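Engineer: Handing you a structure now.
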Amino acid sequence: MYTEAILGILLLLLWWKAFLKKPADLPPGRWGLPLVGYIPFTKKSMEEQLLDLNKEHGDIYVWRMGTQVMVFLHSYEMCKEALGRQDFVNRPDWQFFTFGEKVALGVGGSNGSLWHSNRRFTLRQLKDQGMGKSRLVSSVHEQTKMLLGNVRQQVGKSGPVPHAIRVAVVNVIWHMVAGITYDVDDAKLKGFLQLMDNFNDYSFYTTILDMFPWLGHLPLSLKNRLFYLDQEEIFKERFMEYFYELIEEHRSSMDPENPRDLMDAYLMEMREAPEREEVARSEKDLAILILDLFFAGSETTTSTLTFIMYYLAVFPEAQRKLQQEIDRVLPDGALATLEDKARLPYTEAVIHEVLRMSSLVPGGVQHCASKDTQFAGYTIPKGSIINYAIASVHYDPRYWKQPEKFMPERWLDAEGKFNTKKEGFLPFGVGKRVCLGESLARMELLIFTAAVFQNFNISSPPGSPLDITPDPKQPMFHLPRNQNIYITARN
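Residue numbers (this note's numbering): 995 to 1485.
Next up, the structure:
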């Protein structure tokens, strides 16, 4: 009997060491129970809890969520070092990134040779289409004129940020990808944007399965009821139908000697792929690559422009300074170009300060350790998820004086010139998977912002102050609240 008791105690100790106790060589943090990890019973938001853990454990710690070992980094130096490492370049094998494919396609969630090839291809095509160059400015200007016409319709009354801002941003991407643009009220575009919204809403539920993959063994009917997998699949198929139709139109009208856009260029590579045998090109990969570009490039830029309007409405003195600069540099209603960038230092400062304070993706886009790796004096096990706390870094007094204050002047040197502060600033990420469309986003933010405030004043509606804090209904992202603004025309 004593022998059985001793054996039972030894088994319990082994089980505790294997499953309950956090391995000693991991960073400090929360570990919890097998299968479920550490589940906090608190009313604090996720960000508040992460800040508490940062204060308690320092700039690197772990939190086991479900079966996933989540590593959080809170210093710019650590983020830059980690995300520059080949061992941490991969995306996790999550449904959130794979769109339900067995192997992730496209460029946002793919890994290995496919990711390398698609990233090189996409960067090359975006540059050929004019990203970061004056060649694309005319297309952005066309969308700017459309935007100004729609904003003008809202002058003198309270209303939400004009829908035309989102259309303008999306149209710039459509122009580069497929050589097309849509009118603001186009039914097909409305359907496409609604699909994006629906897909975003339902994709949140797949993250639960990513955290707790053992729930995947539940009956399919129950999984559909709990996690809306059937709805997400429907939206995905609608996207595919949308893109496949355009792909077929491009294939039938393409001139190999004169490729028009990214879609033409990809189809040409599909013809050559059997000879090169570098990666497997396919229509599905092209469709998901395009989907990646829209999700990464349209929602972020639209949200940032919305935040710029909110911040300048709340800080009217900054709005006046920005307008004075625009009036001086761009007389007679001229639209900004890339050549004007150096002459609009305060406008650039406002944009960068809003990027810092809004921190749209506060926890960064997740990376994954491809093998056991030594980092910062700890062992990061294969499969660990690397999170870089962008919002925390953007509000860290080690990098920013009075970080809670909206101070565009922090971006100007003693001579009033714009001084890009890279230390502690990473709205577009950092390392090997830094945002593909950074140059495009910066161009759009400059041109659209200058044009809107050149022609209009934006303020809070009478008796209804604007709230510049993120929408609490979106725990994963810092998105602007749905609220009204008041627009008046400038003389």
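Every residue, glycine too, gets a C-beta built ideally from N, C-alpha and C. Quick caveat: nothing in here was measured; it's all calculated off a predicted structure.
Does the segment 1372–1388 come close enough to the segment 1416–1434 that 3 or more CB-CB pairs lie under 8 Å?
Structural biologist: Short answer: they touch.
Engineer: To the nearest angstrom, how far is the alpha carbon of F1090 from that of Y1196?
Structural biologist: Each residue's Cα considered, the two are about 10 Å apart.
Engineer: Less than 8 Å between the C-beta atoms of D1334 and V1348, yes or no?
Structural biologist: Contact flag unset, no.
Engineer: Runs of 4 residues minimum, wholly inside the segment 1043–1108: which ones carry the alpha helix (DSSP H) assignment?
Structural biologist: For the segment 1043–1108, whole alpha helix (DSSP H) runs of length 4 or above, ordered along the chain, are 1070–1077 and 1089–1092.
Engineer: On the three-pair Cβ rule with 8 Å, is the segment 1396–1411 touching the segment 1077–1093?
Structural biologist: As far as the Cβ criterion goes, the segment 1396–1411 does not touch the segment 1077–1093, which means the pair count is below three.
Engineer: Mapping DSSP to helix, strand and coil, what is H1361?
Structural biologist: Note: H1361 maps to strand in three-state DSSP.
Engineer: For the alpha helix (DSSP H) containing I1174, name the first residue and the last one.
Structural biologist: That residue, I1174, is in no alpha helix (DSSP H); it is neither H nor E in DSSP.
Engineer: Which of helix, strand or coil does DSSP assign to Y1305?
Structural biologist: Here Y1305 sits in helix by DSSP.
Engineer: Where do the N-terminal and C-terminal ends of the beta strand (DSSP E) with I1452 fall, by residue?
Structural biologist: Here the beta strand (DSSP E) through I1452 covers F1450 to S1453.
Engineer: Between which two residues does the alpha helix (DSSP H) containing P1339 stretch?
Structural biologist: Segment P1339 to S1352, the alpha helix (DSSP H) holding P1339.
Engineer: Select from W1208, F1233 and L1067 the residue whose C-alpha is nearest the C-alpha of A1370.
Structural biologist: Ranking the options by Cα distance to A1370, first place goes to L1067.
Engineer: Label T1443 either buried or exposed according to how many other C-beta atoms from any shown protein chain fall within 10 Å of its C-beta, with 16 as the threshold for buried.
Structural biologist: Answer is buried; the Cβ neighbour count reaches 16.
Engineer: Find the nearest neighbour of F1450 within the set L1029, V1134 and Q1148, judged by alpha-carbon distance.
Structural biologist: Nearest option by C-alpha distance: Q1148.
Engineer: If we count Cβ pairs, one from each stretch, closer than 8 Å, do we get three or more for the segment 1278–1292 versus the segment 1227–1238?
Structural biologist: Yes, they touch.
Engineer: Would you call the segment 1094–1107 in contact with the segment 1052–1064, where contact means no fewer than 3 C-beta pairs closer than 8 Å?
Structural biologist: No, because fewer than three Cβ pairs between the segment 1094–1107 and the segment 1052–1064 fall closer than 8 Å, the two stretches do not touch.
Engineer: So which of G1431, N1413 and G1153 has the shortest CA-CA distance to T1294?
Structural biologist: Checking every option, the nearest Cα to that of T1294 belongs to G1431.
Engineer: Among D1465, D1179 and A1363, which has the Cα closest to the Cα of R1085?
Structural biologist: Ranking the options by Cα distance to R1085, first place goes to A1363.
Engineer: Looking at the strands, I want to know which residues DSSP matches up with I1380.
Structural biologist: Note: I1380 sits in a beta bridge opposite V1065 and H1361.
Engineer: Roughly how many angstroms separate the alpha carbons of D1249 and I1302, rounded to a whole number?
Structural biologist: Spanning the two alpha carbons is a distance of roughly 42 Å.
Engineer: Taking DSSP as the reference, what is the three-state secondary structure of D1465?
Structural biologist: In the structure shown, D1465 sits in coil (DSSP, three-state: anything other than H, G, I, E or B).
Engineer: Could you please give me the residues that DSSP links to Y1372 through a beta bridge?
Structural biologist: BP columns for Y1372 point to F1369.
Engineer: Within 10 Å of its beta-carbon, does E1251 have 16 or more other beta-carbons around it, so buried, or fewer, so exposed?
Structural biologist: Exposed: under 16 other Cβ atoms inside 10 Å.
Engineer: Contact between the segment 1313–1322 and the segment 1127–1147: three or more CB pairs below 8 Å?
Structural biologist: Cβ pair count under 8 Å is below three, so no.
Engineer: Within its chain, find whatever has a CB closer than 7 Å to the CB of V1355; leave out the 5 residues flanking it on each side and keep chain order.
Structural biologist: Only I1384 and F1471 meet the Cβ criterion.
Engineer: Going by alpha carbons, who is nearest to H1157 out of E1075, L1027 and L1299?
Structural biologist: Measuring from the Cα of H1157, the nearest candidate turns out to be L1299.
Engineer: Tell me which residue opens and which closes the alpha helix (DSSP H) that I1033 is part of.
Structural biologist: From DSSP, I1033 is part of no alpha helix (DSSP H); its letter is neither H nor E.
Engineer: Using a Cβ-Cβ cutoff of less than 6 Å, which residues in the same chain neighbour M1205 once the five nearest sequence positions on both sides are dropped?
Structural biologist: Closer than 6 Å at the Cβ level, and outside the excluded window around M1205, lie M1059, G1060 and Q1062.
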